[in-house]
Amino acid sequence: MIGKLDRSASREDRTAAILDAAWVLAGRDGVAGLTLRGLARELDLSQPSLYEYFESKHALYDALFADGNRQLLGRLENLRLPTDPRRAVKVVLRAFVEFALADEARRQLLFHRPIPGFVPSPESYAIAEAVLARGVDVLEAAGVDDPADVDCIIAMVAGLIDSQASNDPGGTRWTRHLDRLVDLYLDNPRKDAR
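Here the sequence shown is numbered in my numbering, starting from 174 and rising by one per residue.
Shown next as structure tokens:
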């Protein structure tokens with residue numbers, strides 16, 4: 174058991190504790206293996222008690238999606254960026270890659286679609302869009318201002334993350350090439366992607 178929910182805590186703190194417990198269970202059982210019944214059991218609650226916080230399993234996933242993106246946005250906003258735009262891109266992308274690889278369950282929920290039928294709410298998705306906007310701002314400062322180029326960099330970094338997670342979890346086989354990939358892309362502006 175993860176531990177009893179402190180019912181004397183504020184609703185906000187109880188909700189945060191439930192989300193923390195849900196992340197632990199998602200890490201143990203996989204995102205798709207997360208159940209309200211299992212979460213309630215781990216918190217020594219009745220399952221109906223969880224409905225006071227989340228009206229459905231998808232509402233819990235939505236809260237986790239928002240929570241994970243808030244964590245990532247906070248990390249990106251707290252970075253001390255170098256003044257050199259290219260180095261700033263590398264710092265932001267490195268922080269993004271490290272965040273994505275630090276927690277498999279969180280990576281799956283934020284960057285893949287592991288739950289059939291789950292679509293983040295507009296409010297939760299807005300946080301993910303703020304994460305993207307932070308990255309786009311740094312890319313634009315480095316001269317990457319075409320949306321097609323941004324898409325290419327996103328695809329490149331996503332492929333690097335997935336290769337690392339799938340083929341060398343905990344290692345550096347692919348992540349060690351991140352700076353090189355950034356240099357290759359920034360040194361070779363696209364001629365025509367259309």
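Ideal placement from N, C-alpha and C gives every residue a C-beta, glycine not left out. These figures come from a predicted structure and were not determined experimentally.
Other residues of its chain near residue i: CB distance less than 7 Å, five sequence neighbours each side excluded
i	result
L218	L178
A194	I175, L212, E215, L216
L198	L207, G211, L212, E215
L192	A236, L237, D240
R368	Only positions 174 to 367 of the chain appear in the structure, and residue 368 is not among them; the question remains open.
Run of the alpha helix (DSSP H) containing residue i, from where it starts to where it stops
i	result
V323	320–340
D360	351–360
L283	277–284
D179	Unbroken run through D179: none, as it is neither H nor E.
S297	295–314
Cβ-based neighbour list, residue i, same chain, cut-off 6 Å, excluding 5 preceding and 5 following
i	result
D352	K263
L245	F272, V304
Close beta carbons around residue i, own chain, < 8 Å, minus the five adjacent residues each side
i	result
E250	R307
A315	P258, R259, A261, V262, L359
*Taking only runs that begin and end inside the segment 197–268, name each unbroken alpha helix (DSSP H) of 4 or more residues, in chain order.*
Correct list: 209–215, 220–223, 230–250.
*asked:* Does the contact criterion of 3 or more C-beta pairs under 8 Å hold for the segment 297–311 versus the segment 260–280?
replied: With a cut-off of 8 Å, the segment 260–280 and the segment 297–311 count as touching, because enough Cβ pairs lie within range.
*asked:* Pairs of beta-carbons, one from the segment 298–307 and one from the segment 335–346, closer than 8 Å: are there three or more?
replied: Touching, no, given that fewer than three Cβ pairs across the two stretches are closer than 8 Å.
*asked:* Three Cβ pairs or more, each shorter than 8 Å: is that satisfied between the segment 277–297 and the segment 231–240?
replied: Yes, since at least three Cβ pairs between the segment 277–297 and the segment 231–240 fall closer than 8 Å, the two stretches touch.
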